[in-house]
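Below: the structure, in structure tokens.
In the working numbering, the protein residues as written are 55 to 143.
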């Protein structure tokens, strides 16, 4: 019984750890959040780059923020949801 509970707890914790997230002050933005929440928490992006498929159709956007010496890139899908968050220096 204890082993089962431990395994379930570890699986739940690892799936939560796979989610991309970034903290702006005391507010958190995670993948799956809307661009409305991102703008509310982080403000307007410093750079918006369209993502195109092989035929030139727009399939999303990359929203870039430059904060505290870091570059944060939020990949946005066409329906306005955050797909991934990438942080680099």
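Here a beta-carbon is modelled for each residue, glycine too, at the ideal position from N, C-alpha and C.
Taking the C-beta atoms as reference points, residue 99 is found nearer than 7 angstroms to residue 119. The Cβ-Cβ distance between residue 138 and residue 74 falls below 7 angstroms. If you draw a straight line from the Cα of residue 129 to the Cα of residue 140, it is about 8 angstroms long. Membership of residue 116 in any alpha helix (DSSP H) is not indicated; the residue belongs instead to the beta strand (DSSP E) covering 112 to 121. Residue nearest to residue 105 within the set 89, 92, 122, 117 is 117 (criterion: CA-CA distance). Taking 8 angstroms as the upper bound for CB-CB distance, residue 114 and residue 132 are in contact here, some 6 angstroms apart. The C-beta of residue 101 has fewer than 16 other C-beta atoms within 10 Å across all chains shown, which makes the residue exposed.
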